[in-house]
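Novice: Dropping the structure in here first, questions after.
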Amino acid sequence: VSGGYDAVVSASVEEDLEPGQYNWRVTYAGDDENESVTSECFEEQFFVTAPGVGGYVATTVRNSGGGTVANGASVNLGTSVYDTAQFYGDIRNEDGTAAVDGTLTYTLYKGESCDAGFVDDWLVTVTAGEAIPDMPESFQLVEAGTYNFQATFEFNDGEKDVSISSPCGTETVNVNTRQ
Numbered sequence: 003v004s005g006g007y008d009a010v011v012s013a014s015v016e017e018d019l020e021p022g023q024y025n026w027r028v029t030y031a032g033d034d035e036n037e038s039v040t041s042e043c044f045e046e047q048f049f050v051t052a053p054g055v056g057g058y059v060a061t062t063v064r065n066s067g068g069g070t071v072a073n074g075a076s077v078n079l080g081t082s083v084y085d086t087a088q089f090y091g092d093i094r095n096e097d098g099t100a101a102v103d104g105t106l107t108y109t110l111y112k113g114e115s116c117d118a119g120f121v122d123d124w125l126v127t128v129t130a131g132e133a134i135p136d137m138p139e140s141f142q143l144v145e146a147g148t149y150n151f152q153a154t155f156e157f158n159d160g161e162k163d164v165s166i167s168s169p170c171g172t173e174t175v176n177v178n179t180r181q
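For the sequence shown, position 29 (counting from the first letter as 1) is numbered 31 according to my numbering, and the numbering increases by one without interruption.
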């Protein structure tokens, strides 16, 4: 909005959302006096947690150099990647560390889903008050195709055992045949 004015817009979601990370993105079409503008993605995030769980696991795939591999990105055959996790909600402290002890399993699947095509998994121990450990080693992608990572955090909330998994399909890597 020109002239130094701010605009306040309200929006709501009128459907049940699956647990996960969501982002608002706002577009203003413009008018005779104002240009159109679109907000950046990831500026306004919110998380939906499962009923009674109070937490959410988000993940990011990285290449062996530490660079982010975007969801759905293509990489060359032979690229080495590893997975990282971030916790949200009751399982995360304000400083980003874990709020509870537990185990975190990073699992790699080959194919379009996380129901079949198991490739390998890596288990790490999560300690309350400490950083959430990354996958302990890189994995070299030596076959062309689509791969999906998924992270599952298991812990006891004092009353019951709880398991929270990152949504499948939010960290897909496509391996092409070029090296």
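Where a beta carbon is used, it is the ideal one built from N, C-alpha and C, also for glycine.
In three-state terms, what does DSSP make of threonine 81?
Specialist: When DSSP states are grouped into helix, strand and coil, threonine 81 belongs to the coil group.
Novice: Taking the straight line between their C-alpha atoms, what separation do you get for glycine 67 and phenylalanine 120?
Specialist: 25 Å
Novice: Considering only their Cβ atoms, is the gap separating valine 128 from alanine 153 smaller than 7 Å?
Specialist: Their beta carbons are not under 7 Å apart, which means alanine 153 does not touch valine 128 by this criterion.
Novice: Among the candidates Glu173, Asn36 and Ser82, whose CA atom is the shortest distance from the CA of tyrosine 149?
Specialist: Glu173
Novice: For proline 138, which of Arg27, Gly147, Gly131 and Trp124 has the nearest alpha-carbon?
Specialist: Nearest to proline 138 by alpha-carbon distance, out of Arg27, Gly147, Gly131 and Trp124, is Trp124.
Novice: On the three-state DSSP scale, how would you describe serine 168?
Specialist: coil
Novice: With distances taken between CB atoms, is the gap from valine 71 to valine 83 smaller than 7 Å?
Specialist: yes
Novice: What does the alpha-carbon distance come out to for the pair serine 41 and valine 28?
Specialist: 5 Å
Novice: Of the residues Ser168, Leu143, Gly57 and Ser38, which one's Cα is nearest the Cα of threonine 86?
Specialist: Ser168
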